[in-house]
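Taking it in order: structure first as C-alpha cells, then the write-up.
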Amino acid sequence: MTSAPQAFPGQYSQAASHHAPPCSTWQVLPAGIMYPSYIAGEKESRMSAAVLEVQDRGTILEETIGGRMGLLRYGTPGPFNPQGWQWDVEGAALLRQDIDHELDVEAVDFRVGTLITYQQGQTVYKAGYYHLSSHVGDEYLVRNIGFQRINYVRDSVIIGVYHHVTPGLAVYGEVAYAFKTDGGAEPLEIQFGSEYTSPNAILPRGAPFVAVNYHGRQEFDFGGGFNALAGWEWIGPTSNHRVRIGGRFYSGKETQWSFFDEDITMVGAGIWYDF
Numbered sequence: 117m118t119s120a121p122q123a124f125p126g127q128y129s130q131a132a133s134h135h136a137p138p139c140s141t142w143q144v145l146p147a148g149i150m151y152p153s154y155i156a157g158e159k160e161s162r163m164s165a166a167v168l169e170v171q172d173r174g175t176i177l178e179e180t181i182g183g184r185m186g187l188l189r190y191g192t193p194g195p196f197n198p199q200g201w202q203w204d205v206e207g208a209a210l211l212r213q214d215i216d217h218e219l220d221v222e223a224v225d226f227r228v229g230t231l232i233t234y235q236q237g238q239t240v241y242k243a244g245y246y247h248l249s250s251h252v253g254d255e256y257l258v259r260n261i262g263f264q265r266i267n268y269v270r271d272s273v274i275i276g277v278y279h280h281v282t283p284g285l286a287v288y289g290e291v292a293y294a295f296k297t298d299g300g301a302e303p304l305e306i307q308f309g310s311e312y313t314s315p316n317a318i319l320p321r322g323a324p325f326v327a328v329n330y331h332g333r334q335e336f337d338f339g340g341g342f343n344a345l346a347g348w349e350w351i352g353p354t355s356n357h358r359v360r361i362g363g364r365f366y367s368g369k370e371t372q373w374s375f376f377d378e379d380i381t382m383v384g385a386g387i388w389y390d391f
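If you read the sequence shown in my numbering, its first letter stands for residue 117, the second for the next number, and so on.
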C-alpha cells in the first residue's frame with residue numbers, strides 16, 4: 117500500500133495534511149500527472165504562445181498546441197502530490213510563425229509519446245517513448261526556393277528523474293536514446309535543469325517563478341540550447357493546473373529541428389499553460 121507523505125503547503129493540497137493519508141486505488145483518467153512538465157523545456161507537450169525577437173533576423177511567434185494527461189493510475193487520488201504509478205500519453209504541435217511575413221508558418225515539430233511514471237515521497241521517475249518529426253511550412257519553402265528540406269526524425273526511449281529539494285525548488289535530469297533517426301539526428305540526447313515555483317502561487321494571488329533548462333544532443337557533441345524563463349505563475353486550487361506569464365531567453369541550436377544545425381538567440385515574452 118502506498119501512502120502519501122505530508123503535503124508541501126501551496127504546491128500540494130493544503131487540506132490534505134489535515135486528514136489521514138489516502139490509500140492507493142486504481143483510477144481511470146486520474147486527476148493530474150505525477151511527473152511535471154519542465155517549465156523551461158522547449159519540447160514539452162503543453163499549451164503556450166510566445167512572441168520572440170530573434171537576433172539578426174526579426175520577430176516570430178512560437179506556439180505549442182498540445183498537452184499530457186493520465187490514462188491509468190494505481191496510487192493515491194487527486195492532482196496534488198499523488199503517490200504511486202501512472203500511465204500518461206502526450207502529444208503536441210510545436211509551431212513557428214513569422215510575424216514579419218503575415219504570420220506565415222515557417223516550421224512545425226510534431227511530438228507524440230507515452231510515459232510510465234512513479235512517485236515516492238518527493239522524487240518522481242519516468243520511463244517511456246516519444247516520436248518527434250519536423251516539417252517545414254509551405255510559405256517558408258516558397259520564400260526560400262533553394263532551401264533543402266530534411267526529414268529530421270527521432271523515435272526515442274527516455275528515462276528521467278525529478279526531485280523536489282524544497283517545497284518550491286526542484287531539480288531534474290533525463291536521458292533519451294533514439295533507436296530510429298533520420299535527417300542528421302544521432303541517438304543520444306540529455307536534458308537537465310532546475311525550477312522554482314512558489315508554494316504561495318495558488319489563485320488568485322499567484323507568485324513568481326524562475327526556471328532554467330539545458331538540452332544537449334549527440335549530433336552537436338552534446339552542445340545544444342540553454343533556455344530560461346521567469347515571470348508570474350498561478351496554480352488552480354483544486355486542479356493543480358498552472359498558468360504562467362513571463363519572459364523567455366534562449367541561446368543555442370535551433371528549437372525548430374527542421375533547421376537543427378543552425379544557431380539562434382531569441383528573447384521575448386509569452387504565456388504557458390500546463391494541465
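For every residue, glycine included, the Cβ atom is placed at its ideal position computed from N, Cα and C.
Leaving out the 5 sequence neighbours to the left and right, which residues in its chain are closer than 6 Å to residue i when beta-carbon positions are compared?
i, result
"Phe338", "Gly332"
"Pro146", "Gly186, Arg189"
"Thr371", "Glu158"
"Gly368", "Gly340, Gly341, Phe342"
"Thr381", "Gln171, Ser367"
Select from the options the residue whose C-alpha is nearest the C-alpha of residue i.
i, options, result
"Ser153", "Pro320, Met163, Pro146, Leu145", "Met163"
"Asp204", "Val287, Ile149, Leu210", "Ile149"
"Ala373", "Val383, Val252, Phe196", "Correcting the residue type first, residue 373 is Trp in the shown sequence and not Ala. Trp373 has its Cα closest to that of Val252, out of Val383, Val252, Phe196."
"Val258", "Phe365, Phe391, Ala223", "Ala223"
"Tyr241", "Gly276, Gly194, Glu302, Gly362", "Gly276"
"Arg360", "Glu335, Phe376, Tyr389, Phe375", "Tyr389"
"Asn77", "Pro283, Asp271, Ser272, Val269", "The structure shown does not extend to residue 77, since the chain spans only 117 to 391, so no value can be given for it."
"Gln213", "Leu177, Asp225, Arg184", "Leu177"
With a CB to CB cut of under 7 Å and the five nearest residues on each side skipped, what residues in its chain are close to residue i?
i, result
"Leu319", "Trp350, Ile351, Gly352, Pro353"
"Gly244", "Gly229, Thr230, Leu231, Ile232, Ile274"
"Val144", "Leu188"
What is the DSSP secondary structure of residue i, counted as helix, strand or coil?
i, result
"Tyr330", "strand"
"Val258", "helix"
"His357", "coil"
"Glu370", "coil"
"Phe376", "coil"
"Glu335", "helix"
"Asp172", "coil"
"Ile181", "strand"
"Ile155", "coil"
Using 8 Å for Cβ pairs, my map puts residue i next to residue j. What's the rounded Cβ distance?
i, j, result
"Pro255", "Val228", "Residue identity differs from the one stated: residue 255 is Glu in this sequence, not Pro. In fact, because the Cβ distance is near 25 Å, the residues do not count as touching under 8 Å."
"Glu160", "Leu211", "So it is not a contact: roughly 14 Å between Cβ atoms."
"Thr140", "Gly191", "According to the sequence shown, residue 140 is Ser rather than Thr. The Cβ separation is near 5 Å, so the contact holds."
Tell me whether residue i, by its Cβ, gets closer than 7 Å to a heavy atom of the ligand MN.
i, result
"Leu219", "No copy of the ligand MN appears in this structure; indeed no ligand is present at all."
Taking 8 Å as the limit between beta carbons, can you name the residues of its chain near residue i, skipping five residues before and five after?
i, result
"Ser310", "Leu285, Ala286, Val287, Tyr288, Ala327, Val328"
"His217", "Glu255, Arg259"
Please confirm whether residue i has its beta-carbon closer than 8 Å to some beta-carbon of chain C.
i, result
"Ile266", "The question asks about chain C, but that chain is absent: this structure has only one protein chain."
*Of all the alpha helix (DSSP H) runs that stay within the bounds of the segment 231 to 309, which reach a length of 4 or more residues?*
254 to 259
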